[in-house]
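Chains as they are written, first to last, in the working numbering: chain A, 671 to 1175; chain B, 629 to 951.
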């Protein structure tokens, strides 16, 4: 029997740097193969070569069911190979049928769509996943899991264009799914494989990969470094991903506390976050991390009252009920939040640097109802020089600055308000290395000056370097807290990738 | 983004002279051209004064809608609100014989209520402002016709003589428009509320996360729009000494044309008071000039409509060039 998908010697070089090197593997009919690796290991580039986004270096081969596919692959991927990406790419106000079949509608003599045939084709694709959804249901009425399943059904329909089986690539399809939804999705994927499809499953969640796949490919530095049976323990997979043994588990050691507790979080729950408690002392930098979808990317917004949440936070002695907290009240209580989405949440790109910089502190420069422009500008100028914003302009639109300089200015925007608690989400995302160092130095200064700093990020190395303590979240819960000598990049990665089943809480 | 008051050298020419003063130059050019073509009729102080007075109500209407536009909301019901108050003044004062002060109070209250209903639907419920106010404007126009569909004249002498009172060669209504322009300029330029309105307009989520009361700011601008439009309706009744229920609706497009055209001047990319003021008179100067050349009737719609499209195109091009 010929393999579903066979890749031989596939490589990709960007500007003289080999990001994918000589990748060779096969997926048999009915086989589910997992692909894991750290960020930047070359996974995405590999997928993008298959889907025709990047042209591979000459010399590689790709074949589907024994037939060679000419490279580079056509945009969207060759016939018989289809993709489901993390964002699913569905149009929500369309029906299931329209989503599955758009672009491949069967037409009658008048150019009319033959809806009965279309409904039949959609139902067939759904049936292969063991689903009996009405093809005329609107996608926006579906649960998150059903939407993911519809996206898979569309891929199945695409991939079976030639004959009744093909290969589908699932790229982090479970990131936004609740736990019970993941099991439904897996059941559908298993049904699909049993009907003869090959599946490549890309995920950060090792427990899921081990649960679903027959075989696991580990990628590191552009190469497939290991092919492991799915039964391998996750430590072995992590070791292959890191390319070295995990460091010895250091004993936890809490550093001497520097000041009184200024932020106490008590049982916060909300979208993707379940009953998380922690506290931060004055002068501390506290990190929060976890894989995508584990809650670390939402928790700061819950604490700030920006999203619906339950639980309590106490800021400098004042208890706040998260059910009723608004960002306005949070700011009034001395909280500050620097969101990750610079374009929509943290800066006004078309407003001037000055207006962004003094948005929070503007009332200080108001006397008898009037903005004291000269004082405002003088202080703003001192601030951007102090924060080394380059170029040090006040009247240019914010969007004219580079990402790193915008971030420095936005940090200054909040810090000049002298917050008790400073929350930062991915503060160094899209920031060049020089600005990154300056931002870290500044965070330490801010903490030393008495502010409790909380950083949520997936940059493990940064966390290990700058934080006093780091909480690792899994499945929305606080799964571990590392501190002192026990706080290392390796330990963070180990905790992040550890099976969620081991969470005892 | 020209909140500059210091003597520091201006930044590189991202907003040059013509970006800022192009509209002023265009206004002067239009006056010069028509003045040269029709020196004895166009370029006279009488014509100037007539135009300043005649468009003062439009200035008041434009200024009313500017804060809501700056806050990112479209209030298409301003002409409806203006028309309703205008008709109410004629109906209560002339038909029902009410004294003028309670009449004005009722007319302004109508504006307040319209603003509150608009903000309830737009800010509280969260419906698209364009759609809500488009419906609201038509609804108000219908109510106005229902109250009194016929033209009335002969309003209270005091109302008429107040708005028509001469200050030099212009009327009080123009002085009011000028004062309101100064007030709105001051609010936008020198008060935190003005700054916040712009921030809400270009980044409501950023404003919310910075602790601003976005709902209060949006509600405030919508109430200013309806209340200001109602005041414009009262002023129109006073200036005309009559009420023609069909005339207010015609001011909707000129108001938006002037607001958008004005946003391409002085502080390009931002709705601003003096820009809108100049834009009203630029449009008036152009239309009057063309009328002096013998074109009438159709030319107003062509000029106002064309200017709105041109203004939006200009600001789009300017924004693309800046970024």
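Where a beta carbon is used, it is the ideal one built from N, C-alpha and C, also for glycine. Nothing here was measured: the structure is a model prediction, and the numbers come from that model.
Residue j beta carbon less than 7 angstroms from that of residue i
i: residue 1009/A; j: residue 1016/A; result: yes
i: residue 879/A; j: residue 704/A; result: yes
i: residue 714/B; j: residue 861/B; result: yes
i: residue 762/A; j: residue 750/A; result: no
i: residue 717/B; j: residue 735/B; result: yes
i: residue 1141/A; j: residue 965/A; result: no
i: residue 915/B; j: residue 931/B; result: yes
i: residue 748/A; j: residue 754/A; result: no
i: residue 693/A; j: residue 682/A; result: no
i: residue 857/B; j: residue 748/B; result: no
i: residue 765/B; j: residue 704/B; result: yes
i: residue 824/B; j: residue 698/B; result: no
i: residue 911/A; j: residue 1066/A; result: no
i: residue 743/B; j: residue 845/B; result: no
i: residue 871/B; j: residue 687/B; result: no
i: residue 869/B; j: residue 783/B; result: yes
i: residue 712/A; j: residue 892/A; result: yes
Collapsed DSSP secondary structure at residue i in the structure displayed
i: residue 908/A; result: helix
i: residue 983/A; result: strand
i: residue 1095/A; result: strand
i: residue 840/B; result: coil
i: residue 702/B; result: coil
i: residue 840/A; result: strand
i: residue 890/A; result: strand
i: residue 919/A; result: Residue placement at residue 919/A cannot be trusted, given a pLDDT of 33 that sits under 50; the coordinates are not used to answer.
i: residue 731/B; result: helix
i: residue 1118/A; result: helix
i: residue 941/B; result: helix
i: residue 696/B; result: helix
i: residue 989/A; result: strand
i: residue 672/A; result: coil
i: residue 684/A; result: strand
i: residue 1049/A; result: helix
i: residue 901/A; result: coil
i: residue 1164/A; result: helix
i: residue 885/B; result: helix
i: residue 1005/A; result: strand
i: residue 1010/A; result: coil
i: residue 658/B; result: helix
i: residue 1089/A; result: coil
i: residue 924/A; result: At residue 924/A the pLDDT is 41, less than 50, meaning the model places this residue with poor confidence and gives no usable figure here.
Buried versus exposed, by CB contacts within 10 Å (16 or more), residue i
i: residue 988/A; result: exposed
i: residue 785/B; result: exposed
i: residue 929/B; result: exposed
i: residue 664/B; result: exposed
i: residue 661/A; result: Since the first residue shown for chain A is 671 and the last is 1175, residue 661/A is missing from the structure and cannot be characterised.
i: residue 774/A; result: exposed
i: residue 967/A; result: buried
i: residue 902/B; result: buried
i: residue 756/B; result: exposed
i: residue 779/A; result: exposed
i: residue 926/B; result: exposed
i: residue 1115/A; result: exposed
Bridge partners - residue i, DSSP secondary structure assignment
i: residue 759/B; result: BP columns for residue 759/B are empty, so no partner.
i: residue 959/A; result: 1142/A
i: residue 695/A; result: 677/A
i: residue 682/B; result: In the DSSP output, where bridge partners are listed per residue, residue 682/B has none listed.
i: residue 733/A; result: 676/A and 738/A
i: residue 765/A; result: 808/A
i: residue 958/B; result: Residue 958/B lies beyond the stretch modelled for chain B, which goes from 629 to 951, so this question has no answer here.
i: residue 705/A; result: 872/A and 887/A
i: residue 748/A; result: Bridge partners of residue 748/A: none, in fact.
Distance cut-off 6 angstroms: residue i Cβ against heavy atoms of the ligand PLP
i: residue 932/A; result: Absent from the structure shown: the ligand PLP. Ligands present: none.
Exercise for the section: Give, in chain order, every residue of the region 837–867 of chain B whose Cβ lies closer than 8 angstroms to some Cβ of chain A. Expected result: Result list: 837, 838, 839, 840 and 841.
Practice task
Could you please tell me which residues of the region 1013–1041 of chain A, in chain order, have their CB closer than 7 angstroms to any CB of chain B?
Solution key: Residues 1014, 1015, 1016, 1017, 1018, 1020, 1021, 1022, 1024, 1025, 1029, 1030, 1032, 1033, 1036, 1039, 1040 and 1041.
Practice task
Give, in chain order, every residue of the region 874–891 of chain A whose Cβ lies closer than 7 angstroms to some Cβ of chain B.
Solution key: Taking 7 angstroms as the Cβ-Cβ cut-off, the region 874–891 of chain A has no residue approaching chain B.
Practice task
Could you list the residues in the region 972–985 of chain A with a C-beta less than 8 angstroms from some C-beta on chain B, going in chain order?
Solution key: Hits within the stretch, in order: 974 and 976.
Exercise for the section: Could you name the residues of the region 734–746 of chain A whose beta carbon sits closer than 8 angstroms to any beta carbon of chain B, in the order they occur along the chain? Expected result: Only those residues of the region 734–746 of chain A whose C-beta falls short of 8 angstroms from the nearest C-beta of chain B would be listed, and there are none.
Exercise for the section: Scan the region 797–824 of chain B for residues whose Cβ lies nearer than 7 angstroms to a Cβ of chain A and list them as they occur along the chain. Expected result: For the region 797–824 of chain B, which is checked against every Cβ of chain A, the residues closer than 7 angstroms are 818, 819, 820 and 823.
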